[in-house]
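Here is the structure we will look at, set down as structure tokens.
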Amino acid sequence: MALLKSSKIISTVGLHPPLGILSIRASSWWSEVQMGPPDPILGVSEAYKRDTNPKKINLGVGAYRDDQGKPYVLSCVRKAEAQIAAKKLDKEYLAIGGLGDFTKACAKLALGDDNEVIKSGRNITVQTISGTGSLRIGANFLSRFHTEARDVYLPKPSWGNHTPIFRDAGMQLKAYTYYDPKTCGFDFQGALNDISKIPEKSVIMLHACAHNPTGVDPRPEQWKEIADLVKKRNLLVFFDMAYQGFASGDIDRDAWAVRYFIEQGHNIVLSQSFAKNMGLYGERVGGFTVVCKDAEEAKRVESQLKILIRPIYSNPPMNGARIAATILNTPDLYKEWLGEVHGMANRIITMRELLVANLKKEGSTRNWKHVIDQIGMFCFTGLKPEQVERLTKEFSIYMTKDGRISMAGVTSGNVGYLAQGIHAVTK
Amino acid sequence: FVPGCFSVLVPQATPVAVFKLSNDFKEDPNPMKVNLGVGAYRTDEGQPWVLPVVKKVEKLIVADNRLNHEYLPILGLPEFRSSASKIALGEDSPAIQENRVGAVQCLGGTGALKMGAEFLRRWYNGNDNMKTPVYVSAPTWENHNSVFANAGFEDVRPYKYWDAEKRGLDLAGFLGDLETAPKHSIFVLHACAHNPTGTDPTHMEWTQVAEVMKRRKLFVFFDSAYQGFASGCLDKDAWAVRYFVTQGFEMFCAQSFSKNFGLYNERVGNLTIVARDADNVRRVLSQMEKIVRVTWSNPPSQGARLVAITLNTAELFAEWKDNVKTMADRVLLMRASLQAKLQALGTPGTWDHITQQIGMFSFTGLNPKQVEYMIKERSIYLMASGRINMCGLTTKNIDYVAKSIHETVVNVQ
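Chains as they are written, first to last, in the numbering used here: chain L, 88 to 514; chain G, -7 to 405.
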């Protein structure tokens, strides 16, 4: 019944090491456990924390910061929390699939209020442990039920955690061309070429908006061609939507690709996160949706998702889902939320413009247009690992090795220093 | 054209029994109906109970503007992890003083079992050794089987535990299975208030279990979901866990704060790791991080914050212990009442096991036919195993339940 395969070597049981070694090894079960490497993304924040330079900047992890560089608790979240506290609710277990008020609203947010899929009941949406938990449930589901194809095609590059998640679930990872380092933009032809060669029924991962880590999104006409090609190749589409609202500032615009694909007849699977767009990071709020061929299939799929969830954590946490549901289902809170998401996205767009302006002021002659063209929380600067290392060592500016910076960490207070540093290592 | 359909037909899965029971109960129109199924505490009014200390701390959290919703570290809230481990091992635990205890904040007890199982499959008894036998008690919480099987273990087996004839612990069978288990087998032990039987080994019996496990190099994995809830005293309920630590075991203990804090839906759990030394703990935790990262990245903050504040604030800690005792005392009262009523009715059989068993659950000894009768004819919902949740009993329904058990035992064989 083991469905979580691993590529590690399986050692045989019943080895009898010589007595001398036995007495040393007998000291701990864990003598052979190696020290794991620090997480490439979260490790950046650890290093930043240790740095004593007062000018240090953390552009590592994708968590929104206000213009003072502080975490931002949305006003609509505070209001929702106050409303919830006044209701004096109990703490009984949620259903395995989560809070109904949340999952319904979550699906509507992604697919649109009037979507035919929701009306006909042919989607199943379960509450998950934010985006990671959603991807993991999805990976487990595909591993168990999509047995004709084991390959998941990720864009090159993709979020660092995609690969270990799918691998741990027993899928195989492949890639399709996506980012063009020459233009710091989308390699549309390269993507089409690679996608046209993907074997039928394989899973293709698409970032719905605000691609992580590059910030490079296809244009609508390009999405249309991709949808067409994916249909021709008969691929199973897995959308990862972690930034709805956060990319353009508009909820519907950011979900356009997801809705278009569904309109075109793709029965997608979809992961959603409310970590960034509601600032609910640590509350772990997410959803996993399977668009099925009909309501009957949706019921069967739901029953199997529950079977997958139960042995991992039984049922999901209430707090964040309750907050999200309250916001999504209360008209004035929902309106306020749309405004706040728009505000966050706008601040990021402003920082992009400021950064480019400051780079020009520093005298940089490089083309920094991509900083403004890219969208969402992240910017793929085009900096090489050696340049990144210099930025960290000489300027205490922290980012991931691939040159990705979180624009959310840029403020009007530090953008000048950031431009100085980037110019210094690239001139 | 329907692209991207699953390559195999997705079959309808059978629903999890305990949730189906709750559903059937909900739909039953009988005003006398009683739900003795799912394992959650109920007041004497039959209502869920948010602990007074929890309400207090929630208000503190909402009012504190310095708090935000940022990500916790991968392994969880540090002050939660350390205080939770202290609860299991004791303030003055030598293992803690010797710096050889680590912890991973997890999603409830289930999440803690899951993390422990995933780690053991990867790193215990070789690398990715799916063949290491995992023993769970007969009977046990049904999800134990799934947790370990889904972590990759191919050989999940029962160890003798419940003696249906004498309605108590099958010690000889238990010890016998320990003696014949392949070396390095993993054993899942219930720290207290065994689910579903309510039957715990005595201290003496635990020492015998420990002796065999040490001699035969078996792995100790405690499941502690009811600490405080069983006897009303945290230390008493942790006796077995702490005894094993004094015996020098390296072990895991999956802790749940669902029941003793009433925080069911906030998913608050902790995997406590006791190892030989700090260096081993360090390496184990670094590998735990990798497993967490591909499962949920980092755990939910609300419940852990609540527990951490409570455990680390003297008055709140005292209030919590008091709340826990309130719950445990009500259960003890219902046990005594039910047993007394059955005796007074002259119900055939002996009913001492009702008061001898401990914790939320009681294995009544009713057989499947009798259980069916209780459900269909009396609208009293209990598990097919005969397990009842004592918390479902109240001063208002206990007469009805006692009379129904009496009728059932007399009329149905």
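Built from N, CA and C at the ideal position, the CB exists for glycine as well.
- Nearest CB-CB separation between A32 of chain G and chain L: below the 8 Å threshold.
- Beta-bridge analysis with DSSP links N210 of chain L to L:V378.
- Taken in chain order, the members of the region 288 to 299 of chain G whose beta-carbon sits within less than 8 Å of a beta-carbon on chain L are W288, S289, N290, P291, P292, S293, Q294, G295.
- Cβ proximity to chain L below 7 Å picks out G254, L255, Y256, N257, E258, R259 from the region 245 to 259 of chain G.
- Residues of chain L with a Cβ closer than 8 Å to the Cβ of E62 of chain G are, in chain order, A150, P158, Y368, G369.
- Not a single CB atom of chain G sits nearer than 8 Å to the CB of M494 of chain L.
- Annotation: C296 of chain L is outside any alpha helix (DSSP H) and is labelled neither H nor E by DSSP.
- In the DSSP assignment, no residue is bridged to R165 of chain L.
- Contacts with chain L (Cβ-Cβ distance below 7 Å) from the region 89 to 106 of chain G involve L99, G100, T102, G103, K106, listed in chain order.
- In this structure, DSSP gives M122 of chain G a state outside helix and strand, which the three-state scheme calls coil.
- In the assembly as shown, A306 of chain G is an exposed residue. Its beta-carbon has fewer than 16 other beta-carbons within 10 Å.
- Under the three-state reduction of DSSP output, G187 of chain L falls in the helix class.
- For G94 of chain G, the enclosing beta strand (DSSP E) begins and ends at 93 to 99.
- Under the Cβ criterion of 8 Å, S358 of chain L is not counted among the residues facing chain G.
- Not a single CB atom of chain G sits nearer than 8 Å to the CB of R137 of chain L.
- Of all residues in the region 52 to 81 of chain G, only V54, N60, H61, E62, Y63, L64, I66 come within less than 7 Å of chain L when Cβ atoms are compared, listed by chain position.
- Going by DSSP, T264 of chain L is part of the beta strand (DSSP E) stretching over 259 to 264.
- Around the beta-carbon of K178 of chain L, 16 or more other beta-carbon atoms lie within 10 Å, marking it buried.
- In this structure, N304 of chain G keeps its C-beta atom at 8 Å or more from the C-beta atom of P44 of chain G.
- When C-beta distances to chain G are compared with 9 Å, every residue of the region 417 to 439 of chain L stays at or above that value.
- Under the Cβ criterion (8 Å, minimum of three pairs), the region 153 to 173 of chain L does not count as touching the region 372 to 390 of chain L.
- Ranking G:G101, G:V93, G:L324, G:L64 by CA distance to the CA of V237 of chain G puts G:V93 first.
- S74 of chain G is positioned such that its CB atom lies no closer than 8 Å to that of M122 of chain L.
- In summary, N145 of chain L is buried, with 16 or more beta-carbon neighbours lying within 10 Å of its beta-carbon over all protein chains present.
- Its chain contains A412, N416 as the residues whose beta carbon lies nearer than 7 Å to that of D188 of chain L, once the 5 sequence neighbours on both sides are disregarded; these appear in chain order.
- Counting only residues of its own chain and dropping the five nearest sequence neighbours on each side, A329 of chain L has a CB closer than 6 Å to the CB of G218, S360.
- For Q349 of chain G, the closest alpha carbon among the candidates G:T287, G:K25, G:A328, G:T387 is that of G:A328.
- Not a single CB atom of chain L sits nearer than 8 Å to the CB of N27 of chain G.
- In its chain, beyond the 5 residues on either side, A32, R34 have a beta carbon closer than 7 Å to the beta carbon of P40 of chain G.
- In the DSSP annotation of this structure, S329 of chain G is not part of any beta strand (DSSP E); the continuous alpha helix (DSSP H) holding it starts and ends at 306 to 337.
- Around the beta-carbon of L357 of chain L, 16 or more other beta-carbon atoms lie within 10 Å, marking it buried.
- DSSP links F253 of chain L through a beta bridge to no other residue.
- Runs of the beta strand (DSSP E) lying entirely within the region 270 to 352 of chain L, each at least 3 residues long, are 290 to 294, 323 to 328 in chain order.
- For W246 of chain L, the closest C-alpha among the options L:D267, L:N210, L:D327, L:T212 is that of L:D327.
- In the structure shown, N402 of chain L adopts coil according to DSSP, grouped into three states.
- Residues of chain L with a Cβ closer than 8 Å to the Cβ of Y116 of chain G are, in chain order, W116.
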